[in-house]
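According to the working numbering, the sequence shown is numbered sequentially starting from 3.
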Amino acid sequence: GGLPEDPDASLRPWSDPSEGMGIPWCEGSEPMKLVPATDFVHFDHIGGAVLMIFQCMTAEGWTPLMYMVMDSFNPYFGVAFFALLVVATNSVLINVALA
Numbered sequence: 003g004g005l006p007e008d009p010d011a012s013l014r015p016w017s018d019p020s021e022g023m024g025i026p027w028c029e030g031s032e033p034m035k036l037v038p039a040t041d042f043v044h045f046d047h048i049g050g051a052v053l054m055i056f057q058c059m060t061a062e063g064w065t066p067l068m069y070m071v072m073d074s075f076n077p078y079f080g081v082a083f084f085a086l087l088v089v090a091t092n093s094v095l096i097n098v099a100l101a
């Protein structure tokens, strides 16, 4: 699915997802984010991707990101990607700090 603002009309959703298909939300039952801390950590654009790689590089909070990738894509790919990313970027970070 696309976004309502998509210039290609064939990619737009059938209804506006913020409106709940035309049915108003009951007060207090609006959808909430499961993990609001991950608003800026994703691969949708370069800024979010750089932030995600930096978070993995510092080894601070990378496991929830790995679990999200494992749940949404392929578990084996998620483990392999994040294991390689953490090991490779940590070695670069250590070399930069020591140099």
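For each residue, glycine too, the CB sits at the ideal point set by N, CA and C.
Worksheet entry | Option nearest G80 by Cα separation, candidates E62, M72 and A61 | Along the sequence shown, one-based indexing puts residue 80 at 78. That would be M72, whose Cα lies nearest to the Cα of G80.
Worksheet item: So is L67 buried or exposed if we call it buried at 16+ other beta carbons inside 10 Å?
Response: Indexing the sequence shown from 1 puts residue 67 at position 65. Residue burial annotation: L67 is buried, with at least 16 other C-beta atoms found within 10 angstroms of its C-beta.
Item to complete: Starting from the C-beta of M59, find all residues in its chain whose C-beta is less than 6 Å away, skip the five residues before and the five after it, and write them out in chain order.
Response: As a first step, residue 59 is located in the sequence shown; it is residue number 57 there, counting from the start. In chain order, T91 and L95 place their CB closer than 6 Å to the CB of M59, counting only its own chain and leaving out the 5 sequence neighbours on each side.
Item to complete: Taking L87 as the reference, give the member of F75, A51, A99 and E29 with the closest Cα.
Response: To locate residue 87, count along the sequence shown from 1; it is residue 85. Out of F75, A51, A99 and E29, A51 has the C-alpha closest to the C-alpha of L87.
Worksheet item: Does DSSP put P9 in a helix, a strand or coil?
Response: Along the sequence shown, one-based indexing puts residue 9 at 7. Under the three-state reduction of DSSP, P9 is assigned to coil, being neither helix nor strand.
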